[in-house]
Amino acid sequence: MASLVSSRTFSTLKILTKTNHNNFCSITGIQLCHKNHDDEPPEQIKRRELILKSSEIATIGAIFNLSGKKPDYLGVQKNPPALALCPATKNCVSTSENVSDLTHYAPPWTYNGEGRKKPVSREEAMEELIDVIETTQPDRFTPRIAERKEDYIRVEYQCPILGFVDDVEFWFRPGKNSIVEYRSASRLGNFDFDANRKRIKALRQELEKKGWSSQDSL
């Protein structure tokens, strides 16, 4: 391993391991995954230095497993039926949280919103959701449908450089109200700079074009 990674790379790793999940995706002031790559780097950072650091981090991501383990508690809970609550960390949003929890709560969606001229079935709505998931990458994470059931979808969003994974779940609640619950959480770290919330918002905005709506603003 020593022959593959320079001492400078390990120095970079030592610094990064003291940071949080999404700070880990931030190199020399640029969030390599969560932040839009169109943003310009600080003027004091030379382009050559930036390229060097980026390549070092890519090497680290290839050698060390940074994806994290899928939590055992994902999926629809039984009592009561709902998606899991968020941990205490500030890198998760869930419709299962109490509305007073401004850090973690996010409002459910309905796929037959007021703007929908012709109501769609749950199956049709699920296809709409999958289409938006596969064509929308607001944070440059790569989406992969990891699990799909008749009323449930779990997506793994992976950072293309470091391999970090966020788990995003969607549950089509039974009943006539066409409600979709969701939960978006990072596997590692304590902070995400609102990346999960921004991802959910971006997906909702695309779904609104198809007739979906939120039960409240996000």
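Position one of the sequence shown corresponds to residue 560 (the numbering used here), numbered consecutively onward. All residues carry an ideal CB built from backbone N, CA and C; glycine is no exception. Every value quoted in this text rests on a predicted model; they were computed, and no experiment measured them.
- Message: If distances are taken between C-alpha atoms only, which option among P702, W730, R758 comes closest to G722?
- Response: P702
- Task: Rounded to whole angstroms, what's the CA-CA distance from S745 to R758? Just pull it up for me.
- Result: C-alpha separation (whole angstroms): 12 Å.
- Item | Within-8 Å CB hit, R763 to chain B | Absent here is chain B; the protein component of the structure consists of one chain.
- Query: Under three-state DSSP, which class holds A754?
  - Reply: Of the three classes helix, strand and coil, the one that applies to A754 here is helix, per DSSP.
- Item | Simplified DSSP state of T701, which is helix, strand or coil | strand
- Taking the CB atoms as reference points, tell me whether F729 and L766 lie closer together than 8 Å. no
- Item | 8 Å Cβ cutoff met for L642 and R713 | Their beta carbons are not under 8 Å apart, which means L642 does not touch R713 by this criterion.
- Item | DSSP three-state assignment for E656, whether helix, strand or coil | coil
- Query: What do you get for K740, buried or exposed, if any count of 16 or more other CB atoms within 10 angstroms of its CB means buried?
  - Reply: Checking the sequence, you will find Glu at residue 740 rather than Lys. Answer is buried; the Cβ neighbour count reaches 16.
- Query: Three-state secondary structure (DSSP) at K677?
  - Reply: coil
- Message: Considering only the alpha carbon of each residue, which of Y711, N749, L747 lies closest to Q636?
- Response: Y711
- Task: Measure the CB-CB distance between G748 and N657 and report whether it falls below 8 Å.
- Result: no
- Query: What does a CB cutoff of less than 6 Å around S856 pick up in its chain, not counting 5 residues either side in sequence?
  - Reply: The shown model of the chain, from 560 to 777, leaves out residue 856, and the question about it has no answer.
- Task: On a CA-only basis, which of R763, A754, A761, G770 is nearest H663? Give me that one, please.
- Result: A754
- Query: Is the Cβ-Cβ distance between A705 and E693 less than 8 Å?
  - Reply: no
- Between the beta-carbon of D725 and the beta-carbon of F700, is there less than 8 Å? yes
- Task: Run the CB neighbour count on L762, radius 10 Å, all protein chains shown included, and call it buried at 16 or more, exposed below.
- Result: Buried.
- Message: For a quick check, are the C-beta atoms of K654 and A647 less than 8 Å apart?
- Response: For clarity, residue 654 is Thr in the given sequence; the question names Lys instead. No, Cβ-Cβ distance for T654 and A647 is not below 8 Å.
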